[in-house]
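**Q** Protein sequences, first through last, are from chains A and B.
The numbering used here puts the first residue of the first sequence at 3, with every later residue one more than the last.
The numbering used here puts the first residue of the second sequence at 2, with every later residue one more than the last.
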Amino acid sequence: MHQLSTAVFGPGFFTSPQVHVAASIGAIVAVVSAVTGVFTVMRGQSFAGHALGDVSAAGGSGALLLGLTPLPGFVGAGIAGAGVMDMIGVQRLRGRDLATGIVLGAAIGLSALFLYLGATSGSATGATQQILFGSIFTIPPGTVAAVAILGALALACIGAVARPLLLATLSPDIAAARGAPVRLVGLLFMLALAVSVALSALAIGAILSTALLIGPAAAALRVTTTVPRALVTACLTGVAATWLGILLSYDSYYWGAGHQALPVSFFIVAIIFVTYLATGLPGARAARRRAPATTAAAAADQDGIAA
Amino acid sequence: MTDHSRTAPTPEILRVDQVSVSLSGRRVLDEVSFTLGAGEFTGLIGPNGAGKTTLLRVILGLQRPTGGRVEFLGRPRSARHQPIGYVPQKVLLDPDIPMRARDLVALGLDGNRFGIRLPSRDRGEAVREMLHAVDADRFADARVGNLSGGEQQRVLIAHALISRPRLLLLDEPLANLDLRSGQEVVSLLARIAREQQIAVLLSAHEMNPLLPVMDHIVYLAGGRAASGPTDQIVTTEVLTRLYGHPVDVLHVHGRVLVVAGAAPADEAAAVAHGAATAGPAGKG
Chain A
3 MHQLSTAVFG PGFFTSPQVH VAASIGAIVA VVSAVTGVFT VMRGQSFAGH
53 ALGDVSAAGG SGALLLGLTP LPGFVGAGIA GAGVMDMIGV QRLRGRDLAT
103 GIVLGAAIGL SALFLYLGAT SGSATGATQQ ILFGSIFTIP PGTVAAVAIL
153 GALALACIGA VARPLLLATL SPDIAAARGA PVRLVGLLFM LALAVSVALS
203 ALAIGAILST ALLIGPAAAA LRVTTTVPRA LVTACLTGVA ATWLGILLSY
253 DSYYWGAGHQ ALPVSFFIVA IIFVTYLATG LPGARAARRR APATTAAAAA
303 DQDGIAA
Chain B
2 MTDHSRTAPT PEILRVDQVS VSLSGRRVLD EVSFTLGAGE FTGLIGPNGA
52 GKTTLLRVIL GLQRPTGGRV EFLGRPRSAR HQPIGYVPQK VLLDPDIPMR
102 ARDLVALGLD GNRFGIRLPS RDRGEAVREM LHAVDADRFA DARVGNLSGG
152 EQQRVLIAHA LISRPRLLLL DEPLANLDLR SGQEVVSLLA RIAREQQIAV
202 LLSAHEMNPL LPVMDHIVYL AGGRAASGPT DQIVTTEVLT RLYGHPVDVL
252 HVHGRVLVVA GAAPADEAAA VAHGAATAGP AGKG
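#1: Of the residues L180/B, G62/B, A226/B, E130/B, which one's Cα is nearest the Cα of V156/B?
#2: For a minimum of 3 consecutive residues, which ranges assigned as the beta strand (DSSP E) are wholly contained in the stretch 228-269 of chain A?
#3: Assess, as a yes-or-no matter, whether the stretch 140-149 of chain B is touched by the stretch 145-158 of chain A under the definition of 3 or more beta carbon pairs within less than 8 Å.
#4: Closest to Q132/A by CA distance: which of L73/A, I81/A, V234/A is it?
#5: V92/B touches chain A at which residues, Cβ-Cβ below 9 Å?
#6: Below 8 Å CB to CB, which residues in the same chain sit around T67/B once its five sequence neighbours on both sides are set aside?
#7: Give the DSSP bridge partners of H217/B, in chain order.
#8: Could you tell me which uninterrupted beta strand (DSSP E) segments, each at least 3 residues in length, are contained entirely in the stretch 70-122 of chain B, listed from first to last along the chain?
#9: Just to confirm, are V184/A and A194/A a CB contact at a threshold of 9 Å?
#10: Give me the residue from L221/B, M215/B, A261/B with the minimum Cα distance to T237/B.
#11: Extract the residue ranges of the alpha helix (DSSP H) inside the stretch 128-172 of chain A, only unbroken runs of 4 or more that lie entirely within it.
#12: How would you list, in chain order, the residues of chain B whose beta-carbon sits under 8 Å from the beta-carbon of M44/A?
#13: Once the 5 residues before and after I110/A are set aside, which same chain residues still bring their CB inside 6 Å of it?
#14: For a cutoff of 9 Å on Cβ pairs, would you count L15/B as touching chain A?
#15: Below 8 Å, how does it come out for the stretch 96-116 of chain B and the stretch 226-236 of chain A: are there three or more Cβ pairs, yes or no?
#16: Quick one: which residues of the stretch 145-174 of chain A get their C-beta closer than 8 Å to a C-beta of chain B? List them in chain order.
#17: Under a CB-based cut-off of 9 Å, is D104/B close to chain A?
#18: Could you tell me whether the Cβ of N113/B comes closer than 9 Å to any Cβ of chain A?
#19: Which term fits S7/A, buried or exposed, when burial requires 16 or more other beta carbons within 10 angstroms of its beta carbon?
#20: Answer yes or no: do D216/B and Y87/B have a C-beta to C-beta separation smaller than 9 Å?
#21: Counting only Cβ pairs nearer than 8 Å, list the residues of chain A close to P89/B.
#22: Under 8 Å Cβ-Cβ, which residues of chain A neighbour L74/B?
#23: Please report the distance separating the alpha-carbon of G338/A from that of Y118/A.
#24: Give me the chain C residues within the contact set of G229/B, using Cβ-Cβ distance strictly less than 7 Å, ordered along the chain.
#25: Leaving out the 5 sequence neighbours to the left and right, which residues in its chain are closer than 7 Å to S202/A when beta-carbon positions are compared?
#26: Taking the beta carbon of L283/A as the centre, do at least 16 other beta carbons fall within 10 Å, making it buried, or is it exposed?
#27: Flag L223/A as yes if its beta-carbon sits less than 9 Å from any beta-carbon of chain B, otherwise no.
#28: Could you tell me whether the Cβ atoms of G12/A and Y252/A are closer together than 9 Å?
#29: Residues of chain B with a CB under 9 Å from the CB of V229/A: which are they?
#30: Give me the Cβ distance between V163/A and V187/A, rounded to the nearest whole Å; I'm assuming they're in contact under 8 Å.
#31: Quick one: give me the first and last residue of the beta strand (DSSP E) that H206/B is part of.
#32: Would you check if the distance between the CB atom of V259/B and the CB atom of V253/B is smaller than 9 Å?
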């Protein structure tokens, strides 16, 4: 029994302080990303989510260059980026991709500059790896509280606007006619999205943050019938993928003779990808195909009339 | 169509008074006036581009008129949310959004409010009643995105009605429906208008599906409107004045056809001249 346990959980897995920090931050980030992600996917703003990851990268690398920790850079740049994207038209369906793409391009350019300057000055070794692909095992324990507070703020923001956001997602016209402040709701959501992506950038890297944002959400939306169920399913999927990724990365140190641990981010993203593919299998999709008989019957009726 | 409205004391729900709208220099609505009474089913009829959607947006408060005023329940329409139900044109319900018919109807109760809510028995009951009222019980648990066009219209109508509005606006609800679904939706709306004593204003470019139930008509052409009982408005004289060029109103097997007039050129000029001097007609 003990042997089996050490085969699954590498030696020292449960006592390692790095693992504790990684598991805590991973869980918070996975939940915030999953909740934000469900709305992001429903609203068709995945591209905006990805762009905010790149904007975060610029902020994070800039913060490192200034000798700060990356988190304030991730969050600050993400919020500023969300504001700019909203200003230049991310809420209009037409022109939305354009606004996103322009901000994204500028952000990657800044990242390239900051990371280059950091590398040549020699002050931040491994900064590129840390910013773009994450550093969940090297996060200082003091960061957990900040991550928890920021995550709670993002979730509170989404909770506050959830209903008008859903209504505006279905039909902006109906929402506006009901007196919902569609523009404000969209902006608040973008800000929550920026914070969520920034936290995700800290955990699995700015470039990979999109995977944690939309992967669990897209998988959950495929197999559930209501928004609350999709939210719960996405959270469970995200946390499971993150924890499993942390475990596999930890274990990978003992896999080869070279004793080199493989990156956590790779495992998390790979698990999410496989999960998403699995939800496309016929059995999984059948879950949401309830009551197709009524539609078929109605179609048959109409055929009868036409004949 | 009987002309009972001007004598019977139906409570006035909506008064549109000399409303004009100019959008980027173009006159979209030109001094449009009409009233809607409780329990009345009114068709907002006109060709594409006549200003139907703009007029509905003015009534909803989504478009500010450049002139005139809108009174709702005897008071100037305020900027605040008013109890007006709305079914917009071409709502594309995404099949990838996990929302059942009953969830969409429930959003009609409080979808504009902030904060999250917990499910309650009263709400569930209200949603069930509403789904039943629009004959949508059998697909209450189906994903809205997977429903047929007619089924989606019923769900959207239930969504608009569950907050108990006094006025229901529908923008081209029959546009994407087959004939039978369209007739079902129209008779459903006529019944709801009568039973719940709300005013229903439905826009359409084709009036024939509405003829059996329509109490009044607001006919829009080129931004100008004529309104009143259908048989007094849909006449060669009134519509020729409204269009500003000769049209013929033909009655064929109980259907009404409005066609461009086949009058000789000088006669057409005479009619057009008459339109210019006759002044506004048929305003309610």
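A virtual CB, placed ideally from N, CA and C, is assigned to each residue, including glycine.
These numbers come from a predicted model, not from an experiment.
**A** Result, derived from the coordinates:
#1: E130/B
#2: none
#3: no
#4: L73/A
#5: L172, S173, D175, I176
#6: S21, V22, S23
#7: T43/B, P230/B
#8: 85-88
#9: no
#10: A261/B
#11: 129-135, 145-172
#12: D95, D97, I98
#13: D56
#14: no
#15: yes
#16: G161, A162, V163, A164, R165, P166, L168, L169, T171, L172, S173
#17: yes
#18: yes
#19: exposed
#20: no
#21: S173, D175, I176, A179
#22: Those do not exist, as L74/B stays about 16 Å from chain A at its closest Cβ, beyond 8 Å.
#23: Chain A is shown from 3 up to 309; residue 338/A falls before or after that span and cannot be answered.
#24: Protein chains in the displayed structure are A and B, and chain C is not among them.
#25: V31, S35, S211, L214, L215
#26: exposed
#27: yes
#28: yes
#29: I98, P99, M100, D104
#30: 5 Å
#31: Looking at the DSSP string, H206/B is not in any beta strand (DSSP E), and its letter there is neither H nor E.
#32: no
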